[in-house]
Structures are given as structure tokens and as C-alpha cells.
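Each remark here refers to the structure printed beneath this line.
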Amino acid sequence: MTSATIFPPHRVTIVGILNATPDSFSDGGRFVHGEAQVQVDAAVDAAAVLVGQGAHVLDVGGESTRPGARTVPVAVEIDRTRPIVEALAKRFDVPISIDTRKSEVAEAALEGGARLVNDVSGLGHDDRIAAVAARHGALLVLGHLRGDPETMQDAPRFGDVLEEVAAELARSVARAESAGVARERLVVDPGLGFGKLLEHNLTLLAGVGELRRRLGLPLLVGPSRKAFLGALTGDPVEQRDAASAAACAVAAFGGADAVRVHDVAGAARAVTIGRRLREAGRQRAAGEPSSADPGCPR
Ligand code: HH2
11 MTSATIFPPH RVTIVGILNA TPDSFSDGGR FVHGEAQVQV DAAVDAAAVL VGQGAHVLDV
71 GGESTRPGAR TVPVAVEIDR TRPIVEALAK RFDVPISIDT RKSEVAEAAL EGGARLVNDV
131 SGLGHDDRIA AVAARHGALL VLGHLRGDPE TMQDAPRFGD VLEEVAAELA RSVARAESAG
191 VARERLVVDP GLGFGKLLEH NLTLLAGVGE LRRRLGLPLL VGPSRKAFLG ALTGDPVEQR
251 DAASAAACAV AAFGGADAVR VHDVAGAARA VTIGRRLREA GRQRAAGEPS SADPGCPR
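Note that the sequence shown ends on residue 308 in the numbering used here; no numbers are left out.
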């Protein structure tokens, strides 16, 4: 399997979020209580809703990476995620992704049926994760993050944020390739909200097309419910789905291959609009006739 199988060029792939944590910033405590009491059935029901709304991938995470979060022990993260990954892999055809920075957690999930590893640290936390992904023939998403979630928002500093994120992601890509992950199994992510100020996030979101061209790999973005959206709209975290959908439309218009979201139904509509507008612009630039028009009344 290559990234083109899951992130094909004809669509914007929707990655639905299933956080198996007690403390994720917007949806913690839905399926995990205490440290690791997992309600697998509730997670499967929630996943069925996401798939019904159009999720192409389900991303299961057992550790919050919100600003200030401390890392959780490997055994706890495995206890939270593995039973859910196994149940989802048995029940659904959509590929399951494990959102982790740790090689042992990735290994347990891949053994349990996951097919992607989503490492927000871009190998910065535990670079053995690349060898694990390579051994299992899994796809590997490399996110951009300097430092770790506990301290990343202390004083983020960039000169040219797009330039620096592209260069640092390129280094993560090179490390993954030298650990044996084939280039056609890699996906990159600029890491919105990971050690970035408002202006950094906006520049990266506006620059998804440039990032994608420079890195030459499928590009995933995760704006969902993040604080930079709230900073613009004034919405509290539980009311940021409309702003998240707007960000997804912009990402799709810019050329992103995938969005990672909580509200799949909203994102599916948003990327449809963004994608179609992108196509209209491309057709005009190429001097092609526009796509067949079903004749809208207004
Ligand atoms: N953001 C979060 C987690 N994983 N993975 C990728 N590839 N890109 C992202 O932007 C991204 C990610 C943080 O969001 P969430 O999972 O909602 O919260 P928490 O880390 O608190 O569980």
C-alpha cells in the first residue's frame, strides 16, 4: 500500500479523529475514563458515525498533545488505544491510523490492524517509529513540531515560518527514508497549533500549496477546533466546528491532500467547495472549458 491508495489525488481525504484520552483539548473523556478504562463499544459507535459522514481514515490517539500536556507512559497509551484499534480494524473497511509519537505504541497498533502511523513530532520524539512503520509497510505521517507539547508554546520563534517548516519537514522525510520507509509511504503535515503563534499558523495554512510543491509529498493539515481559530472568531473550543470547516475549505483550495477533523460532516462539505473552486481556477489558468454545469438556478 502506498500513500496514493489512501490519499488519492482525485479527492481530499478526510481523517476522522477518535481520541481515546481522558484529557484531549476538545473531546477528551468520551471513551476513556480514569487513566485507561476504555469503552470500546462507545468508540466503535462514534467511529460508525464518522464513517457514515464520510471519513476515509480513522485516527486513534491515546495521548493528548495539547499545549502543556505531559507525556503518558507507553503502557497506558497502549491500553487506551490497542483495544479500540483492534475493534475498528475488524469492523470497518476504512484504514485505521495510530496517532502516537512512540514506537512501542505504533507497533502495538500496527499488530492490532492499523495501517498508518501519525507522528506529530516528525520523528523528533522517538525516531525508532520510522523503523517500525517500515517493518510493517505502514504509511507514516510526519508532523512538524519543535520540542514537545509540554513546552512548545513557551516562545515559538521563526524567521520565515514557511521556509523553516519546509526545511525541517524535509529533514524528517530524509530520516524516515534512511530508516527504510519508502517515499511513497510518506505524508507531511505542517503541524498547525504545534509550537506556533497565530501568524505562523495562518501563514502555513495559506501556504499549503507551496509547502506541498516544495516537499513533493501528500500534505495533511489539522486545523480542527484549534486555538488559532478561536483567536480569530472568539469561539470557545466547543463551538469551533464552523471555523474548522472554513479552514478545511481553504486548505482544499490551496491543494492539501487531507484534513484531520472532529466534525467530519462539516469538513466533507467544506472540502467539496474548496476542491471545486481549485479546479475552476486550474481550468481557467489552463484555458480549458469549465466542468459540465448542472445549471444552478442562482
Ligand atoms: N493535531 C492534534 C493531534 N494529532 N495529527 C496530525 N497529523 N496533525 C495535527 O494537526 C494533529 C494531529 C491535536 O488535536 P487533537 O487530537 O484534537 O487534541 P489532543 O492532542 O488534545 O488529543
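All residues carry an ideal CB built from backbone N, CA and C; glycine is no exception.
Keep in mind it's a predicted model, so treat the numbers as computed, not measured.
Count the other C-beta atoms from every protein chain shown that fall within 10 angstroms of the C-beta of residue i, then say buried if there are 16 or more, exposed otherwise.
i: T161; result: exposed
i: D55; result: exposed
i: D253; result: A small correction: the amino acid at residue 253 is Ala; Asp does not occupy that position in the sequence shown. Buried, by the Cβ-count rule.
i: T20; result: Sequence inspection shows His at residue 20; the Thr mentioned does not correspond to that position. The residue in question, H20, is exposed, as its Cβ has fewer than 16 Cβ neighbours within 10 Å.
i: S113; result: buried
Nearest-angstrom Cα distance between residue i and residue j?
i: V218; j: H210; result: 12 Å
i: R80; j: Q293; result: 48 Å
i: A53; j: P166; result: 35 Å
i: A192; j: L152; result: 13 Å
i: I139; j: V175; result: 21 Å
i: P93; j: Q49; result: 9 Å
i: P77; j: A277; result: 24 Å
i: A268; j: R223; result: 15 Å
i: A99; j: L149; result: 16 Å
i: D129; j: G264; result: 23 Å
i: V271; j: G297; result: 35 Å
i: A184; j: S13; result: 17 Å
i: A58; j: P105; result: 13 Å
Just to check, is the beta-carbon of residue i closer than 7 Å to a non-hydrogen atom of the ligand HH2?
i: T12; result: no
i: N211; result: no
i: G147; result: no
i: G78; result: no
i: R111; result: no
i: L202; result: yes
i: D199; result: yes
i: T31; result: yes
i: F35; result: yes
i: T75; result: yes
i: I108; result: no
i: S301; result: no
i: L215; result: no
i: L227; result: no
i: R195; result: no
i: G153; result: yes
i: G122; result: no
Should residue i be listed as close to the ligand ZN, given that the test is whether its C-beta is under 7 Å from any heavy atom?
i: G71; result: The ligand ZN is absent from the structure shown, which contains only the ligand HH2.
Any chance you could list the beta strand (DSSP E) runs of at least 3 consecutive residues sitting entirely within the segment 225-283, in chain order? Those beta strand (DSSP E) runs which fall completely within the segment 225-283 and span 3+ residues are 268-271.
Three or more C-beta pairs under 8 Å: does that hold for the segment 85-93 against the segment 101-119? By the Cβ test, the segment 85-93 is in contact with the segment 101-119, since at least three Cβ pairs between them sit closer than 8 Å.
Are the segment 40-52 and the segment 277-291 in contact at 8 Å, needing three or more beta carbon pairs? Touching, no.
Mind pulling the alpha helix (DSSP H) runs of 4 or more residues that sit fully within the segment 118-144? Runs found: none.
Count the C-beta pairs between the segment 231-240 and the segment 164-184 that are closer than 8 Å, then say yes if the count reaches three, no if not. By the criterion of at least three beta-carbon pairs nearer than 8 Å, the segment 231-240 is not in contact with the segment 164-184.
Which residue spans inside the segment 53-77 form an unbroken beta strand (DSSP E) run of at least 3? List check, beta strand (DSSP E) in window: 67-71.
Which ranges does the beta strand (DSSP E) cover as unbroken runs of at least 3 residues, wholly within the segment 11-52, from first to last along the chain? Here the runs fully enclosed are 23-29.
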